[in-house]
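J.: Pasting in a structure now, in structure tokens, and then I'll have a few things to ask.
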Amino acid sequence: MAGLGACLGSRSSPTFHASGFLAGRPVAASPVPARSGKAIAPSRRFIVSNRLAWVEDELLEIRKSQEQSPVNLKKRPPLRRGKISPQLPVPEHIPRPSYVGSNKPQELSSVRQIHNADGIAGMRAACKLAACALDFAGTLVKPSVTTNEIDREVHSMIIEAGAYPSQLGYGGFPKSICTSLNECVCHGVPDSTQLQTGDIINIDVNVFLNGYHGGASRTFVCGEVDESIKHFLKAAEECLEKGITVCRDGVNYKKIGKKISKLAFFYGYYVVERFVGHGIGPIWHSEPLILHHEPILTMDKTESVTWEDRWTTVTADGSWAAQFKHTVLVTRTGAEILTKV
Numbered sequence: 008m009a010g011l012g013a014c015l016g017s018r019s020s021p022t023f024h025a026s027g028f029l030a031g032r033p034v035a036a037s038p039v040p041a042r043s044g045k046a047i048a049p050s051r052r053f054i055v056s057n058r059l060a061w062v063e064d065e066l067l068e069i070r071k072s073q074e075q076s077p078v079n080l081k082k083r084p085p086l087r088r089g090k091i092s093p094q095l096p097v098p099e100h101i102p103r104p105s106y107v108g109s110n111k112p113q114e115l116s117s118v119r120q121i122h123n124a125d126g127i128a129g130m131r132a133a134c135k136l137a138a139c140a141l142d143f144a145g146t147l148v149k150p151s152v153t154t155n156e157i158d159r160e161v162h163s164m165i166i167e168a169g170a171y172p173s174q175l176g177y178g179g180f181p182k183s184i185c186t187s188l189n190e191c192v193c194h195g196v197p198d199s200t201q202l203q204t205g206d207i208i209n210i211d212v213n214v215f216l217n218g219y220h221g222g223a224s225r226t227f228v229c230g231e232v233d234e235s236i237k238h239f240l241k242a243a244e245e246c247l248e249k250g251i252t253v254c255r256d257g258v259n260y261k262k263i264g265k266k267i268s269k270l271a272f273f274y275g276y277y278v279v280e281r282f283v284g285h286g287i288g289p290i291w292h293s294e295p296l297i298l299h300h301e302p303i304l305t306m307d308k309t310e311s312v313t314w315e316d317r318w319t320t321v322t323a324d325g326s327w328a329a330q331f332k333h334t335v336l337v338t339r340t341g342a343e344i345l346t347k348v
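Going by the working numbering, the residue at position 129 of the sequence shown is 136; the numbering climbs one at a time, nothing skipped.
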């Protein structure tokens with residue numbers, strides 16, 4: 008369910024679900040305190056020219072705030088699977104995607120979804136609903152709230168709008184959204200786990216409205232978090248934003264991932280290469296694949312491990328992960344974010 012979305016404008020168009028080394032002198036960096044209880048040593052960071060001198064100033068300010076900010080939040084135990092409540096019902100009159108009812112793993116479609124004017128209008132509507140539902144989900148992120156409660160509330164909003172929650176029943180996925188907490192890389196299944204102050208949680212919302220899928224995800228903070236976490240999330244979101252600036256008609260797909268990887272490396276973080284962006288439209292997941300364009304970043308270099316539920320994927324060493332994703336309409340001159348409210 009990972010991805011970046013794209014559509015093209017003045018002609019029939021595709022849609023992507025969005026979801027290095029810089030020449031110059033290295034900037035010395037202090038280890039960044041991690042919520043996992045250990046220090047994270049940032050990678051090399053580079054200043055290209057005097058035109059980017061502000062970057063060095065920003066890094067110095069970040070390190071200063073990290074040194075002054077006490078990291079005294081309670082250490083979170085390793086993530087464990089909680090109790091999963093029964094699948095929520097969807098009214099019969101709401102159209103379902105074709106995969107609903109089959110628990111078989113779904114294969115990526117080889118169809119390149121090129122959208123005409125009607126298709127773009129359909130994508131706009133689906134993406135607008137997904138964006139509003141994601142904003143609503145963010146208001147629910149509070150200490151003691153369970154991820155299952157967030158799922159239930161967002162599910163209700165989606166079906167009240169006459170749409171189907173795309174995750175529900177996809178390859179047997181039991182819930183209506185994905186909630187990925189702390190070290191969960193992606194595809195976390197909502198359950199009885201309660202949020203705690205200092206947690207971060209990625210919420211991934213996708214809807215199927217009038218025959219079109221639209222989706223986005225964002226990583227939210229629960230209560231107060233330390234400065235190292237704020238910097239981490241800011242870097243992850245900036246990676247998505249910079250990747251989108253590359254998108255335009257005729258650009259090689261690999262340039263998107265390269266842009267993201269370089270920026271992540273610059274900030275001292277790592278890209279999870281296992282998950283990719285993809286085409287989106289009437290089919291939820293299709294060609295083309297966009298490497299790194301989720302993007303999912305981790306605070307430390309690590310592998311990812313998927314639990315026996317076949318969905319929940321976590322970092323092998325417990326380091327935290329952050330993800331930001333948009334559905335993007337690609338045009339001749341650039342890109343339009345469809346999931347931006």
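In this text, a Cβ means the ideal position worked out from N, Cα and C, and glycines have one as well.
Given a cut-off of 8 angstroms on the beta-carbon distance, is the pair V236 and I267 in contact?
T.: One detail in the question is off: residue 236 reads as Ile in this sequence, not Val. No; because the gap between Cβ atoms is not below 8 angstroms, this pair is not in contact.
J.: Cα-Cα, which of T204, C134, G108 is closest to G176?
T.: Closest option to G176, Cα to Cα, is G108.
J.: With three or more C-beta pairs closer than 8 angstroms as the rule, is the segment 253 to 268 touching the segment 328 to 343?
T.: Because the criterion of three Cβ pairs below 8 angstroms is met, the segment 328 to 343 and the segment 253 to 268 touch.
J.: Buried or exposed: R83, going by 16 or more other Cβ atoms within 10 Å of its Cβ?
T.: Burial call: buried.
J.: In the DSSP assignment, what residue or residues form a beta bridge with S193?
T.: Sequence check: residue 193 is Cys here, not Ser. Answer is T320.
J.: Taking C-beta to C-beta, are A329 and A243 nearer than 8 angstroms?
T.: Yes, Cβ-Cβ distance for A329 and A243 is below 8 angstroms.
J.: If the criterion is Cβ atoms closer than 8 angstroms, does the pair W314 and P104 meet it?
T.: No.
J.: Would you check if the segment 320 to 329 and the segment 126 to 140 touch, i.e. whether three or more CB-CB distances between them fall below 8 angstroms?
T.: No: fewer than three Cβ pairs fall under 8 angstroms.
J.: Determine the burial state of G286: buried for a count of at least 16 other Cβ atoms within 10 Å of its Cβ, exposed for fewer.
T.: Answer is buried; the Cβ neighbour count reaches 16.
J.: My output table needs one value for L11: the three-state DSSP class, helix, strand or coil.
T.: Annotation note: pLDDT 49 at L11 (below 50); position unreliable, coordinate value reported separately. Three-state result, L11: strand.
J.: In or out: L15 buried (at least 16 other Cβ within 10 Å) or exposed?
T.: Caution applies to L15, whose pLDDT of 37 falls short of 50 and renders its modelled position unreliable; the model cannot decide the point.
J.: Cα separation between T186 and W318?
T.: Taking the straight line joining both Cα atoms gives about 11 angstroms.
J.: If you draw a straight line from the C-alpha of G179 to the C-alpha of Q94, how long is it?
T.: Cα-Cα distance, rounded: 11 angstroms.
J.: Rounded to whole angstroms, what's the CA-CA distance from S349 to C191? Just pull it up for me.
T.: Residue 349 lies beyond the range of the chain shown here (8 to 348); nothing can be said about it.
J.: Note the first and the last residue of the continuous alpha helix (DSSP H) segment covering L240.
T.: 234 to 253 is the span of the alpha helix (DSSP H), which, as asked, contains L240.
J.: Could you check what DSSP says for N155 in three-state terms: helix, strand or coil?
T.: DSSP places N155 in helix when its eight states are reduced to three.
J.: Decide yes or no for the touch test of the segment 164 to 172 against the segment 214 to 229: beta carbon pairs closer than 8 angstroms, at least 3 of them.
T.: Verdict: yes, contact present.
J.: With a cut-off of 8 angstroms on the beta carbons, I'd call M4 and L345 a contact; round off their distance for me.
T.: It is not possible to answer for residue 4, since the shown part of the chain is limited to 8 through 348.
J.: Please classify A128: is it buried, with 16 or more other beta-carbons within 10 angstroms of its beta-carbon, or exposed?
T.: A128 should be labelled exposed.
J.: Under 8 angstroms between C-beta atoms, does F143 make it to chain C?
T.: Checking the listed chains, one finds no chain C in this structure; it contains a single protein chain.
J.: Is it right to say D125 is buried, meaning 16 or more other beta carbons lie within 10 angstroms of its own, or is it exposed?
T.: D125 comes out exposed.
J.: Identify whether V278 lies in helix, strand or coil by the three-state DSSP scheme.
T.: In this structure, V278 counts as strand in the three-state DSSP scheme.
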